[in-house]
Amino acid sequence: MSSLKQLEQQKAELDLKITQSLEILKKMDLDLEQARLRQQAVDQGTAQIMAVMEKYNLTQEDIFPGSIPKIGTVKPKESQTLAEMRQYFNRR
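Each residue of the sequence shown is one higher than the one before, counting from 0 in numbering that gives the first Met the number 0.
Right, here's the structure in full:
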């Protein structure tokens, strides 16, 4: 009789562990889906930025000044003039 109670106790413990594991798995699936959606949004945003850069013939330095250290840096006024020239010639 005591072995039956032990088996029932073990079954209850295993059922609890299974339930907890399933809950953890559901949370992991949810986290993975959220990460996938975030990455998809980042990829779409990057594609849109790249399209705008290509459309207006812009470089990364034009969009994010100072983000790329260059050996022969262009002065801000010259950089602005260059961006204006690019926009002018891209409109044609």
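Don't be surprised by glycine CBs; every beta carbon is placed ideally from N, CA and C.
Since this is a predicted model, take the numbers as computed values, not measurements.
Residues near residue i by beta carbon distance below 7 Å, same chain, minus five either side
i   : result
I48 : none
Test item: CB-CB of residue i and residue j under 8 Å
i    : j   : result
Y149 : Q33 : Here the chain comprises residues numbered 0 to 91, so residue 149 is not present and cannot be evaluated.
D110 : A82 : The displayed coordinates of the chain run from 0 to 91. Any statement about residue 110 would go beyond what the structure contains.
CA-to-CA distance, residue j to residue i, given in whole angstroms
i   : j   : result
T58 : K26 : 41 Å
R37 : T45 : 12 Å
S20 : D14 : 10 Å
Within-8 Å CB hit, residue i to chain D
i   : result
N56 : As a matter of chain content, chain D is missing from the structure shown, which is built from one protein chain.
Residues near residue i by beta carbon distance below 6 Å, same chain, minus five either side
i   : result
Q43 : none
Cutoff 8 Å; reference residue i; Cβ partners in own chain excluding five residues on either side
i  : result
K4 : none
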